[in-house]
Each structure stands twice: as structure tokens, then as C-alpha cells.
Amino acid sequence: MFTPLLDALLLSVLATPLIGLIGSKVKHEKNIVATYITFVLSASLVMVLMFYPQAWSSESSLISSSPEQSSIMVDGLSVFMTVILFTVGIASSVFSVKELRSVSSTGYYTVFLGMIAAMVGVVFSESLFTLFIFWEIMCLCSYTLVAFHKERWEPIEAGYKYLIMSSAGSIIILFALSFLYGLTGTLSIPHLAASLASSQGNPVVYISLLMIIAGFGLQAGMVPFHTWLPDAHMAAPSPISALLSGVVVKIGIYGLIRILFEIFLPMQNAWQVVLAVFAVLTMFIGNLSALFQDDLKRLLAYSTIANTGYVLLGLAIGSQRALAGSLLQMMNHAVIKALLFLCVGAFLHSTRTRSLNEIAGIRRSMPLTSIAFSAGALSLATFPGLNVFWSELMIITAGIESNMSILSFLMILNLVISAAYALRMIYTVAVKKATSTSRKAKEAPMLMLLPILSLTAISILIGVYPSPFISFAEATVTSLNL
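Add 1 to the 1-based position in the sequence shown for the numbering used here, that's all there is to it.
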């Protein structure tokens, strides 16, 4: 039953209550050291799997007596998502030391680690039954972290809104899984794909397909199921905003990729059109909403919605190049959006405001944070030489190659809109005259700057040397055997 893969999951799960126990006895710095050590151990085990050939096809039973086999396994897509997860997770955990220094954070680290473990479980699930169990644990932890600052009404309201909408999405997914199990007698992803190949004409299959898109699309921030996302990102602590935008939203997209391309691939012509419509709506509403925001967290949240549209567009195009572009876009966006949210957290730590206009000219007081913020915003504006440029270029060219030039044109139009608000952020922070608020600001502490500068370096590295990362995304697509 126990394998390196299962050990990695169990290590994180068992460490969760230990972090809470440690947190009640020692200072915040010891808390983060314990969390960081657990991350390193878990990440090391996962990286071993990349070089352990048997793991790519091995399964581990979780509940052997269950009528539905509940198992976990790892493949190229799981490894790809895990790299994103641990990159953003470690950056957010280190930033949390100073972010939460003035409050009791014992429960924070416990739930934080529980959410990370649950997301690892989601991407390692071979069965949709197992995936759904870990999915629910992830969602429960997410609600708690969004509402962490329970002394204020804004986080409580945002947490309830997220809870209600995400629970609705989970119910929709559960109904879809029930339909699929009733039709096939299994929830194993490989077995479902084989069983549904002969059931394409059954209307229940198409109803299940639409419910899957709606349920996972809600977690991904897909329009019209996106309304929870701006409030949750605004109310959550900044490192949690980074984790929500960088990883949790991507887990929703992961669910769509895993199910659509492995189970419903024979019905691609049907769901391509649906995804294309949702993608276009999501891009435009996300970008146009971001264009008029002054609250930096809200602006970045709407930008995350727009990015979901870009990724969905790649899935709708459906070619291997488009899918590789979408995967790389998920990685690139996770890096820069985590970077930008952590920069906003540093600004908020120093100025106590999220207003873009109130921190005008802050580069004079916080030069390192402002440079990193500007680099992230330039990447958001699709500036050549930074990471996002390459993944968005792959999606656009894939659309042209697949005779879907209209989708590529609509994406280019949206990139122009996103460049407008990204450049406005840079102009306000770096060029405009300093306000009284920004003049009083002080540079962020080193434990905040460390993850910020690390993510900036990753963004630049992918931008100037994209080949290994493009190859990684392409190899991930190849491993899906489309």
C-alpha cells in the first residue's frame, strides 16, 4: 500500500496537526521553519518520482474495501502541476512570516499545509472518487483561509460567498460523477474513457459533460461563475491571495484538462464550442472589469479571471501546441500573479492601503518591491523577454495554425486591454508624483523580499531562456497520449 507517492501525501497530512502544536509553543519564525521543512521533504519525494520510472504507471490503493477503487498515481500532468504548486506554495509560506507576525497564526499554518496536501492529492488522483475527496478538503481549507481575519466583516462575507458558490460547484460535480458512475459502474479515469467511447449518443453523457465544465469552471473563475473570486482575493491575506490566484484557480483548470482530454476526448467537437464561448466571455469581462479598478487586489483578481479565459481558449483550440501553450500559461501566470499579489502585500504592509492611486510614486520609498512589481506588470502586459509572452504567443499561433484565427484575434484584442491596465500600474507606481502615503512607506522586510525577488528571477529566467519550459509543457502534453 505504501509507495513514495503515498508517503509524500501522508507526510504532509500528518505534519498538519504537528505544525499547529509547534505553533502554540514557539514564535512565528519557528512556525515557518517547520512548514518549510515539510515542504522540502514532500517536494523531494515528488521530485524523486520524476526519476522513478515505475511511478509513472503505478497505483496505490487508499480504500481497498471500497466498492469503488480509490487510488492515486502520477503522470506528466501531475508532475507539471506539482511544480507549480510547490513553487507558489513555498513563496507564500515564507512571505507569511512577516504578513501574520502581528496576529495569532497557529491555525493559519495548519490549514495552509492542509490545503497544500489536498491539492497534491487532487493532481495525483487516478479515480474521480479520490479526486473529489481531496477537492472537498482543498475547498474547506480555502474557505477558512479567505476568512482568516475574522475580526473584520469583509473576510467573513467573502468566505461565506466563496463557501456557498464553491459548494454549489461541488454539488454539480458530484451529480455529474453520479451520472457517470450509473452509466459505467466505475469512476477510474482510464476505465471511464473506455466505457464512454460507446455511449456518445446518450444524452446523460452530454449533461454530465456540461456539469463537469460548470463545476470545475466555477473554481477556475470562469464567467459567469466568477463572482466569488474578486471578493475572496481582496479579503484573504496576501499570501493566500497569491495561492488562490496562482494555484487554486489552476486546480479547477486541471480538472477540466484531466477530464475533457482523457474521458471526453471523443466528444471534443461538442465541448470545443462550449469552451470557446466561455473563454471569450471570460477574457473580455475579466479584462474590461480590471481596466476600471483602483483596488490593486481587485484589479489583479479580475486579471486572473481574464487569464482563465486565455487558458480555456487554448483548450478550446484543442491542438497539442495549444494545450502546451495553455499549460505553460498556467505556469507563467502562477509565477507572475503570485509575484504581484506578494508585492501588493508588501505595499499593504508598509502603507495600510490597497489603493493604486494612494501609493503613487512609491518606487522612491520601496525601490526593490516596485522594481519587482513593475517586472510582473510588464509580463502581464505580454512584454517580450518575460515569461508570459511565450505562452500567449503559443496559444495565438496555435489558433492560426488550426484555422481558428478569429479566436487568436480576440485574444490579441484582450492582450491590448490587459496591457493598458498593466502599464497604468507601472506608470502610477514608478512615474507619478509621490503621495503623502507613499512618502512615509519603508522597504519591505527581507523575508517578504526573498520570495518576491525569487519569483521575479523565475519570470525573467523563463522569459530569456524559454526552451526548457516549453519542452516541459510539450512533454506533459505528449504524456497524455492524445
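Beta carbons are placed, not taken as given, at the ideal position from N, Cα and C, and that holds for glycine. Source: prediction; values computed, not measured.
Query                                                                                                                           : Result
Beta-carbon proximity check, I286 vs V224, cutoff 8 Å                                                                           : yes
DSSP beta-bridge partners of D490                                                                                               : Shown here, the chain extends from 2 to 483; a query on residue 490 therefore has no answer.
Residues that DSSP places opposite S403 in a beta bridge                                                                        : Partner(s): none; S403 has no beta bridge.
Which of helix, strand or coil DSSP assigns to S366                                                                             : coil
Contacts around Y144, its chain only, beta-carbon distance under 6 Å, and the 5 residues preceding and following it disregarded : G160, Y163, L164
T305 vs T438 beta-carbon contact at 8 Å                                                                                         : no
Option in L197, L369, I318 with minimal Cα separation from N404                                                                 : I318
Inter-stretch contact (C-beta, 8 Å, three-pair minimum) for the region 349–366 and the region 119–128                           : no
CB contact flag (A291, Y182, <8 Å)                                                                                              : no
I461 to V278 span [Cα, whole Å]                                                                                                 : 33 Å
Alpha-carbon spacing of E263 relative to G90, whole angstroms                                                                   : 27 Å
Nearest-angstrom Cα separation, counted from M332 out to V84                                                                    : 9 Å
C-alpha distance - I407 paired with A198, whole-angstrom precision                                                              : 31 Å
Beta carbon proximity, E393 to chain E, threshold 8 Å                                                                           : Absence of chain E from the displayed structure is noted, only one protein chain being present.
Backbone secondary structure at A56 - three-state DSSP                                                                          : Confidence at A56 is low in this model, with a pLDDT of 47, below 50, so the placement of that residue should be treated as unreliable; the coordinate-derived value is given next. Helix at A56.
Nearest-angstrom Cα separation, counted from D295 out to A56                                                                    : Note on A56: pLDDT 47, under 50, position unreliable in the model; no value is reported.
Secondary structure of S320, DSSP reduced to three states                                                                       : coil
CA-to-CA distance, L230 to L211, given in whole angstroms                                                                       : 21 Å
Whole-angstrom distance between S128 and T228, CA atom to CA atom                                                               : 30 Å
Collapsed DSSP secondary structure at S200 in the structure displayed                                                           : coil
Residue burial classification, N388 (beta-carbon count within 10 angstroms, cutoff 16)                                          : buried
Inter-stretch contact (C-beta, 8 Å, three-pair minimum) for the region 323–338 and the region 381–399                           : yes
Cβ-Cβ distance between S239 and V345 below 8 Å                                                                                  : yes
Sub-8 Å separation of K99 and H350 beta-carbons                                                                                 : yes
C-alpha gap between Y255 and T436, whole angstroms                                                                              : 42 Å
Neighbourhood of S66 by C-beta, 8 Å cutoff - its chain only, sequence neighbours within 5 removed                               : Because the pLDDT of S66 is 49, which lies under 50, any placement of that residue in the model is unreliable, and the number read from its coordinates should be weighed accordingly. Excluding positions up to five away in sequence, the list is empty.
F180 to A237 span [Cα, whole Å]                                                                                                 : 35 Å
Alpha helix (DSSP H) runs wholly inside the region 378–424, at least 4 long, in chain order                                     : 388–402
Cut-off 7 Å between Cβ atoms - residues of its own chain near A373, not counting five sequence neighbours on either side        : L340, C344, I453, L454, T457
Beta carbon of S419 nearer than 8 Å to that of F342                                                                             : no
Bridge partners - S189, DSSP secondary structure assignment                                                                     : S128
Buried versus exposed, by CB contacts within 10 Å (16 or more), P54                                                             : Low per-residue confidence applies at P54: pLDDT is 44, beneath 50, and the placement is therefore not dependable, though the value from the model is reported in the following sentence. With fewer than 16 Cβ atoms within 10 Å of its Cβ, P54 is classed as exposed.
For G222, the first and last residue of its enclosing alpha helix (DSSP H)                                                      : G222 -> no alpha helix (DSSP H), and no H or E assigned at all.
DSSP state of R440 mapped onto helix, strand, coil                                                                              : helix
F473 (DSSP reduced to helix, strand or coil)                                                                                    : helix
Collapsed DSSP secondary structure at L148 in the structure displayed                                                           : According to the sequence shown, residue 148 is Ala rather than Leu. DSSP places A148 in coil when its eight states are reduced to three.
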